[in-house]
Amino acid sequence: MMTENQTKNVEKANEQCVYKKYLDIAVIKQKLIKHLLVTLTLLGVLLGGVIGLSLRSSELSDTAITLISYPGELYMRVLKLVILPLIISSIITGCSSVNAKLNGKIALRTFTYFFLTSTFNSLLGVILAVTIHPGDPGIENQVIKGISEKTYSSMLDSVLDLGRNLIADNIFQATFQQAYTDYVVHPPSNIKRVVKYRAGINNLGIVVFCVAFGTILGTMGSKGHVIKEFFSTVFEIIMKMVKGILWITPVGLCSIIAGKILSVADLQLVMSQLGYLISTVIIGVLIYQIIVIQLIYWLIVRKNPFKYYVGLMQGTVTAFAAASTSAALPINMDLMDKELNIDPRITRFVMPIGCNTNLDGTAMFLAISTIFIAQMSGFPLPVGTLLSIWFTTTIMSFAVTSVPSSALIILFMVLSSIGIPNHNVSLLFAVDWLVDRFRTTNNMLGDCYAAAIVEKLSQQELYACEEDKGTEDAQECNQTVV
1 MMTENQTKNV
11 EKANEQCVYK
21 KYLDIAVIKQ
31 KLIKHLLVTL
41 TLLGVLLGGV
51 IGLSLRSSEL
61 SDTAITLISY
71 PGELYMRVLK
81 LVILPLIISS
91 IITGCSSVNA
101 KLNGKIALRT
111 FTYFFLTSTF
121 NSLLGVILAV
131 TIHPGDPGIE
141 NQVIKGISEK
151 TYSSMLDSVL
161 DLGRNLIADN
171 IFQATFQQAY
181 TDYVVHPPSN
191 IKRVVKYRAG
201 INNLGIVVFC
211 VAFGTILGTM
221 GSKGHVIKEF
231 FSTVFEIIMK
241 MVKGILWITP
251 VGLCSIIAGK
261 ILSVADLQLV
271 MSQLGYLIST
281 VIIGVLIYQI
291 IVIQLIYWLI
301 VRKNPFKYYV
311 GLMQGTVTAF
321 AAASTSAALP
331 INMDLMDKEL
341 NIDPRITRFV
351 MPIGCNTNLD
361 GTAMFLAIST
371 IFIAQMSGFP
381 LPVGTLLSIW
391 FTTTIMSFAV
401 TSVPSSALII
411 LFMVLSSIGI
421 PNHNVSLLFA
431 VDWLVDRFRT
441 TNNMLGDCYA
451 AAIVEKLSQQ
461 ELYACEEDKG
471 TEDAQECNQT
481 VV
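Residue 391 in UniProt numbering sits at position 391 of the sequence shown, and the numbers go up by one each step.
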């Protein structure tokens, strides 16, 4: 006969076993759901490619292609809907959760990393383009070119527009318009420079305003508590919306890929004549993603970089299919907060800023494309010219906006500043839909790895904030982070 205490111990042990069993089941279920979503997303992209290639021979009407693309269009609209509130709430929450001194250190490390990686990507693009030599003068006559309008924009205009968008004069206007320089021609030959606005979110201006707003909010103490809680709650709501959006990702990406393949006029001609250019970009992307960025991560963070790389697969596939770093931003922030355990104070600062300023893949593409056009035009490329291309494409990569094919517009300016004929840039519009997807994955992964590296470099300051909870600075630093 067991005593009363023994009976209670047995019952308690049984309860613990049952609890552990249910806990294990919950963990297994959670892992299955996680991998199921990634698998479905990959299958969606592959299925979209199969559908697009299979239906090309059917010569579908524009209406049919529109209907096939329609689910993808709705998916992109849903993602774009949450981007603006996500950027605003995440930056303000992140900046207000640490003191101004730490904000400054994080910002310095972040922008230093962004500049160095963009510089390296541009250099890698120059080396690959010179080595592989994708440009062939015969391509100019073999590929059907689009109509190229005369462009008056200069590199100076692009830099000035960058400053105008960084310092927005109306924060509400910045939510739906961007500033740009246009030229008005008055007959017979009078050309006037005019600053205009075009539709599109001015992410740079919003980021600068939110960083300043959040940093000052973090110094307000108890007076700013209500505002902090408001933006923290907004961020939590947006992330809950993102979790629901994730489950329609496979269908949306399938539709996008199928529609894009069906809409390309002559896929076989484009792939055959511009195949070397496409291959050069893909090789550069693979070298950076599989070797360079993994080595940087391992040297600084001292963890298995490929585990981190695989953990970002959901966001990488989304960025590739949607050809948009912004579209993958909500998904990546959810992955980094919940799955990869990157400090939220870092992700909410680094990710939105990197999404708009850190364009590693674009820097590489600009360098490769510049040399491609020069080679095709028979333009000489001595060492001095190559150094100019390296420097110019690095700087101009920070001026690329979220406007579709904006990298090609910047390419016009790069070519003009170096003196390379730019009339053949229209050739690249035929392959930009594909190349854009590869360079976007570089842009996206650059932001995610930057967050992990900046977190490691800022570990002492973040730890100090956790330790000194009794001080006024630490109270500012340790506000609740959702």
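Note that the Cβ used here is the ideal one computed from N, Cα and C, for glycine as well.
Assign residue i to one of three DSSP states: helix, strand, or coil.
i, result
"G182", "This sequence places Asp at residue 182; Gly is not what is there. Strand at D182."
"R302", "coil"
"residue 500", "As shown, the chain starts at 1 and ends at 482. That puts residue 500 outside it, with no answer to give."
"E322", "The sequence shown places Ala at residue 322, rather than the Glu named in the question. In this structure, A322 counts as helix in the three-state DSSP scheme."
"A199", "strand"
"I144", "Interpretation of I144 is limited by its pLDDT of 42, a score under 50 that renders its predicted location unreliable; the figure taken from the coordinates is listed afterwards. I144: coil per DSSP, three-state reduction."
"S89", "helix"
"P71", "helix"
"T219", "coil"
"I346", "helix"
"S458", "coil"
"E339", "coil"
"D169", "coil"
"G125", "helix"
"L84", "helix"
"I291", "helix"
"N422", "coil"
"N99", "coil"
"E236", "helix"
"E149", "Legend: pLDDT at E149 = 44, less than 50; position of this residue unreliable, no value from coordinates given."
"E229", "helix"
"A464", "helix"
"W433", "helix"
"S61", "coil"
"H133", "coil"
"L359", "coil"
"residue 484", "The shown model of the chain, from 1 to 482, leaves out residue 484, and the question about it has no answer."
"L274", "coil"
"L312", "coil"
Figure out for me which residue from the options has the closest Cα to the Cα of residue i.
i, options, result
"S388", "G419, I237, H225, L408", "G419"
"V195", "S222, N165, F172", "N165"
"N443", "S255, F365, L160", "F365"
"N332", "T318, I261, A322", "T318"
"I68", "G252, W298, I453", "G252"
"P445", "I293, T357, T93", "It should be pointed out that residue 445 corresponds to Leu in this sequence rather than to Pro. Cα-wise, what sits closest to L445 is I293."
"V38", "I409, F412, V310", "V310"
"I206", "G221, I171, K192, L217", "I171"
"L156", "S326, C254, T392, V211", "T392"
"L299", "R77, P85, G94, Y449", "Y449"
"residue 483", "L160, A452, I368", "It is not possible to answer for residue 483, since the shown part of the chain is limited to 1 through 482."
"G72", "P85, V45, S90, K192", "V45"
"F349", "T110, L40, Y75, I261", "T110"
"T219", "H35, A322, A363, V98", "V98"
"G275", "T41, L428, F120, M336", "L428"
"A199", "P421, K223, A174", "A174"
"I248", "T325, R77, T66, I127", "R77"
"L42", "L277, K192, A321, S158", "A321"
"L74", "C254, F120, A464", "C254"
"S324", "L411, I227, W433", "W433"
"V159", "H35, K307, V414", "V414"
"T63", "S263, G224, L277, L295", "S263"
"N424", "S417, M336, L408", "L408"
"S326", "T357, Y297, D266", "T357"
"Q177", "Y183, N203, V184, G163", "N203"
With DSSP as the reference, please indicate the residues paired to residue i in a beta bridge.
i, result
"K192", "V184"
"Q268", "Paired residues: none, contrary to the question."
"Q177", "A199"
Segments assigned beta strand (DSSP E), at least 3 residues, entirely inside the segment 362-415: none
The segment 88-105 contacting the segment 335-342, beta-carbon criterion three pairs below 8 angstroms: no
Validate contact between the segment 80-96 and the segment 268-285 using beta carbons, cut 8 angstroms, 3 pairs: no
contact_flag[the segment 116-126, the segment 229-240] where n(CB pairs < 8 angstroms) is 3 or more: no
Any 3 or more C-beta pairs closer than 8 angstroms across the segment 41-59 and the segment 159-175: no
Cβ contact (3+ pairs, closer than 8 angstroms) linking the segment 91-99 and the segment 207-216: yes
Cβ contact check for the segment 276-295 and the segment 457-465: 3 or more pairs under 8 angstroms: no
Three or more C-beta pairs below 8 angstroms linking the segment 378-387 and the segment 352-360: no
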